[in-house]
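Report on the structure given below.
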Amino acid sequence: MEVIKDEEGLDIELDINLQKRNLELSEANKKLLDDHGILSIDFMGSVGSGKTSLMDRLIEKLKDRYKIGVIGGDLTTTIDMEILGKHNIPVVQINTGRECHLDANLVAKALERLDLNDLDLLFIENVGNIICPADFPLGAHKRVAVVSVVESPYIIVKHPLTFQTVDVVALNKVDLASLIEIDLNKLEGDIRKINSRIPVVRTSAKTGSGISALSRKLNL
Ligand code: MG
Ligand code: ZN
Numbered sequence: 244m245e246v247i248k249d250e251e252g253l254d255i256e257l258d259i260n261l262q263k264r265n266l267e268l269s270e271a272n273k274k275l276l277d278d279h280g281i282l283s284i285d286f287m288g289s290v291g292s293g294k295t296s297l298m299d300r301l302i303e304k305l306k307d308r309y310k311i312g313v314i315g316g317d318l319t320t321t322i323d324m325e326i327l328g329k330h331n332i333p334v335v336q337i338n339t340g341r342e343c344h345l346d347a348n349l350v351a352k353a354l355e356r357l358d359l360n361d362l363d364l365l366f367i368e369n370v371g372n373i374i375c376p377a378d379f380p381l382g383a384h385k386r387v388a389v390v391s392v393v394e395s396p397y398i399i400v401k402h403p404l405t406f407q408t409v410d411v412v413a414l415n416k417v418d419l420a421s422l423i424e425i426d427l428n429k430l431e432g433d434i435r436k437i438n439s440r441i442p443v444v445r446t447s448a449k450t451g452s453g454i455s456a457l458s459r460k461l462n463l
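Numbering (our numbering), first residue to last: 244 to 463.
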């Protein structure tokens, strides 16, 4: 079989400049957050993996201990931020239009809309996919990949970069695992092959199982 690798593409110069600029802006975001004593966590995952539902559970659990804010990226809708806003916490929606990921510049704009003096924890929900968000650090202190067990059995091996760059993996919707006969150990093994030290937490936003463990892995 003939295989063409992306490195042979013509736009590599542009990509490098773009990513370099993004990295600079992400460092500025991180400094701004540090200056305000805010811990921030970027959640990445496919559409339907359960990012919003997991964040909803975490907010419910943590909102008495932390002043939490949320920035959410979505192509066109505000559905997820409406859900999380019900906790009476500040939420900022970024509608990216055609862009399939958040970038540090968009997050910088969203940070301007938040009262940073009144926050100590910031959740960022990235646009729903696990390909390009890996290339665009936002300045968050930690990155979480959310993978649901009902995605493809090859979901991990097809996205190696994401699992190299995140700090924690939430293997979500485990309540459905037995129903569809998916092997959780196999999925977890795939993750460990890419990143041997990464914490993997089995979660169900539906039943609430694993939410405390996830929160502990995030040092919250
Ligand atoms: Mg969502
Ligand atoms: Zn993208």
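C-beta: ideal position from N, C-alpha, C; glycine also.
| said: Can you tell me whether E342 sits near ligand 2, meaning its C-beta is under 7 Å from at least one heavy atom of the ligand? | reply: Within the sequence shown, the letter at position 99 stands for residue 342. Yes, since a heavy atom of ligand 2 falls inside the 7 Å radius drawn around the Cβ of E342.
| query | Would you report the Cα separation of I311 and V335, rounded to the nearest angstrom? | reply | In the sequence shown, the residue the question calls residue 311 occupies position 68. In the sequence shown, the residue the question calls residue 335 occupies position 92. Computed Cα separation, rounded: 12 Å.
| Lining residues of ligand 1 - beta-carbon closer than 5 Å to any non-hydrogen atom, in sequence order | K294, T295 and D323
| Going by beta carbon distance, what residues of the same chain come within less than 6 Å of I337, once the five residues before and after it are set aside? | Counted from its first residue, the sequence shown places residue 337 at position 94. Excluding sequence neighbours, I337 sits near G316, L349 and A353.
| For G293, does the count of other Cβ atoms within 10 angstroms reach 16, so buried, or fall short, so exposed? | The residue you call residue 293 lines up with position 50 of the sequence shown. Answer is buried; the Cβ neighbour count reaches 16.
| query | Are P333 and L357 close, meaning C-beta to C-beta below 8 Å? | reply | Residue mapping note: residue 333 aligns to position 90 of the sequence shown, counting from 1. Residue mapping note: residue 357 aligns to position 114 of the sequence shown, counting from 1. It is a contact, given that the beta carbons lie within the stated cut-off.
| By Cβ distance below 8 Å, which residues in the same chain neighbour K460 in space, the five residues on each side in sequence not counted? | Residue mapping note: residue 460 aligns to position 217 of the sequence shown, counting from 1. Closer than 8 Å at Cβ, skipping near neighbours: V411, P442 and V444.
| query | What is the DSSP secondary structure of M287, counted as helix, strand or coil? | reply | The sequence position of residue 287 within the sequence shown is 44, counting from 1. M287 falls in the strand class under three-state DSSP.
| request: Report the option in N260, L276, T320 and D307 whose CA atom is closest to the CA atom of E355. | output: For the purposes of this step, residue 355 is taken as residue 112 along the sequence shown, with counting starting at 1. Considering only N260, L276, T320 and D307, the residue with the shortest C-alpha distance to E355 is L276.
| query | Got a sec? Which residues, its chain only, sit under 7 Å from S458 by beta carbon, not counting five neighbours each side? | reply | Counting from one through the sequence shown, the residue named residue 458 turns up at place 215. Correct list, in chain order: L301, K304 and L305.
| field | Identity of the residue in R435, D323 and D418 nearest P403 by Cα | value | Counting from 1 along the sequence shown, the entry for residue 403 is found at position 160. When each option's Cα is compared against that of P403, the closest is R435.
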